[in-house]
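Numbering (the numbering used here), first residue to last: 4 to 166.
Comments concern the structure below.
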Amino acid sequence: MTEPRDGAVRAHVLELLRGGHAHATFERATEALPPALRGSVPHGGTHSPWQLVEHIRIAQHDILRFSTNDDGTYHSPPWPAGYWPATPAPPSEDAWVASLAATAADREAMEALVSDATRDLLAPFPWGSGQTLLREALMVADHTAYHVGELVTTRQLLGAWPP
4 MTEPRDGAVR AHVLELLRGG HAHATFERAT EALPPALRGS VPHGGTHSPW QLVEHIRIAQ
64 HDILRFSTND DGTYHSPPWP AGYWPATPAP PSEDAWVASL AATAADREAM EALVSDATRD
124 LLAPFPWGSG QTLLREALMV ADHTAYHVGE LVTTRQLLGA WPP
């Protein structure tokens, strides 16, 4: 791949990670959500906002850790229990705030990996089974967009959308 094209691919992936073109961003979907609704599973819904936020955070963190597993020691949480919070409500306001901050920090870390021109987006990870940085970054963007859509729908069902 020529360098200008590599830069263009990286720029497109960064746009996908940040979201906001064809769908709401994670930040928009979580802003101004009343604390009393964060643990509510609406009639007709399957998850609370907290469950969706934590699931996004946990999965994104797992993908980031896998993508930086240079020594091969990282192991993903068990599926599905390790990817979802145990309760529908956050244990505290601090837990909610920490989850939002960790999600943003891990996304920024993934963006930094994608932005690093010394990293080959298409080189398979030596510790994986064919996964590449491009694949993992696209998976973060896709997974987050899917669940942000669920979060918006959940907020609509709870009567809390738009913020």
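Using N, Cα and C, we set each Cβ at its ideal position, and we do this for glycine too.
One alpha carbon belongs to I59, the other to H146, and they sit about 8 Å apart. About 14 Å separates the beta carbons of M113 and A148, which is beyond the 8 Å limit, so they are not a contact pair. Excluding the 5 residues flanking it on each side, A92 has same chain C-beta neighbours closer than 7 Å at R41, G42, S51 and W53, in chain order. Going by DSSP, R122 is part of no alpha helix (DSSP H) at all; its letter is neither H nor E. Rounded to the nearest whole angstrom, the C-alpha separation of L125 and A25 is 26 Å. Contact check for L160 against H46 passes: the beta carbons are separated by less than 8 Å. Burial check for V100: the Cβ neighbour count within 10 Å stays below 16, so the residue is exposed.
Distance from P80 to Y86 at the Cβ level is roughly 6 Å; contact confirmed, criterion being Cβ atoms closer than 8 Å. In the DSSP secondary-structure assignment, P165 is not bridged to any residue.
Taken through DSSP and simplified to helix, strand or coil, P127 comes out as strand.
Cβ contact annotation for G75 (same chain, cutoff 7 Å, sequence separation greater than five): W130, in chain order.
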